[in-house]
Amino acid sequence: MRLILLGAPGAGKGTQAVHLAKYFKIPHISTGDIFRANLKAGTPLGVQAQSFMDRGELVADSVTNEMVKDRLTHDDVAHGFLLDGFPRNVAQAEVLRAILAEKKTPLHAVLEFSLANEEIVARLSSRRTCKDCFQPSVGVDKCPSCGGDVYQREDDKAEVIARRLEVYQEQTAPIISFYRNEGLLISVSAAGNVEDITASAISALSRVAQ
Ligand code: AMP
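Okay, so the sequence shown: first residue is 1093 according to the numbering used here, each after it adds one.
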């Protein structure tokens, strides 16, 4: 299964990605997590990305596209992958289409999680992120997945949330119609509890030919 998860920041992509990747036995590739891991390790890529991330802006396409292109050469994508946070604009979607066309491994589906704006803001402001594995969580002191310490991301603070939602509307939302036109789009409501949303996503994806 070659899959993309789409949705505004806070719609629950990261949480659902973990469950869906496990279910379909495919690697979860989150560009945000790759940037955060580089930031933590102090690599040049992390240093380059930090100021964009802290302001809620997109990192330059040239940097992000190269990073994804490289990631898609790893052996673990042989049986599919789940992309979370990429593409984030139409130019990136076109680059991805070209990379996959060259490898003759087109996408099977693009799953969009939709959620009302007020709910998104509420979720983002209460969200914490694991310092070690970056998994998001709410209302806990330790990461439910690996037990690591959790923190509030710089870009989950109120002033940056507003900018991230604007960037989503202006730059990322147009790829919804891009993928609808390609016949790949599946929309699922992101309201409700995590298990029910995962179940509707799996049920929608089970109708997709692989
Ligand atoms: P996320 O964890 O997906 O919310 O991403 C956190 C931040 O990483 C974003 O606000 C951007 O600054 C950066 N980022 C992640 N994915 C991309 C992408 N596909 N293109 C550009 N910047 C990205």
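Every residue, glycine too, gets a C-beta built ideally from N, C-alpha and C.
Can you give the beta carbon distance from residue i to residue j, rounded, assuming they're within the 8 Å contact cut?
i	j	result
T1290	H1111	4 Å
L1257	A1113	So it is not a contact: roughly 26 Å between Cβ atoms.
N1157	V1187	5 Å
I1278	A1201	6 Å
P1083	G1106	The structure shown does not extend to residue 1083, since the chain is modelled only from 1093 through 1302, so no value can be given for it.
D1176	I1121	7 Å
V1280	L1203	6 Å
G1148	R1255	4 Å
I1268	L1098	7 Å
F1205	A1103	4 Å
May I ask you to report which of helix, strand or coil DSSP gives residue i?
i	result
S1281	strand
D1146	helix
D1233	coil
R1245	coil
V1202	strand
N1157	helix
A1190	helix
T1290	helix
T1321	The chain is shown from 1093 up to 1302; residue 1321 falls before or after that span and cannot be answered.
T1107	helix
N1273	helix
A1129	helix
R1259	Here residue 1259 is Val; the residue named in the question, Arg, does not match the sequence. It is helical.
R1180	coil
In angstroms, rounded to a whole number, what distance separates the CA positions of residue i and residue j?
i	j	result
I1191	Q1142	26 Å
A1170	G1138	27 Å
D1146	V1252	8 Å
H1166	A1282	31 Å
V1160	K1195	14 Å
F1173	D1233	30 Å
T1197	G1275	16 Å
D1168	A1250	37 Å
N1273	P1266	11 Å
R1219	G1231	8 Å
G1240	T1135	22 Å
G1096	E1262	It should be noted that the sequence gives Ile, not Gly, for residue 1096. I1096 and E1262: Cα-Cα distance of roughly 19 Å.
K1223	Q1140	20 Å
V1155	P1179	13 Å
A1109	F1226	12 Å
N1181	A1214	25 Å
A1296	K1132	36 Å
A1183	V1259	14 Å
V1242	L1216	14 Å
L1164	T1264	21 Å
State the beta-bridge partners of residue i as determined by DSSP.
i	result
H1120	L1174
R1062	An answer regarding residue 1062 cannot be provided, because it is not within the stretch 1093 to 1302 covered by the chain.
S1218	Answer is none; S1218 lacks a bridge partner.
P1228	T1221
At a threshold of 8 Å, does residue i count as lining the ligand NAP (C-beta to nearest heavy atom)?
i	result
L1150	In the structure on display, the ligand NAP does not appear, and the ligands it does have are the ligand AMP.
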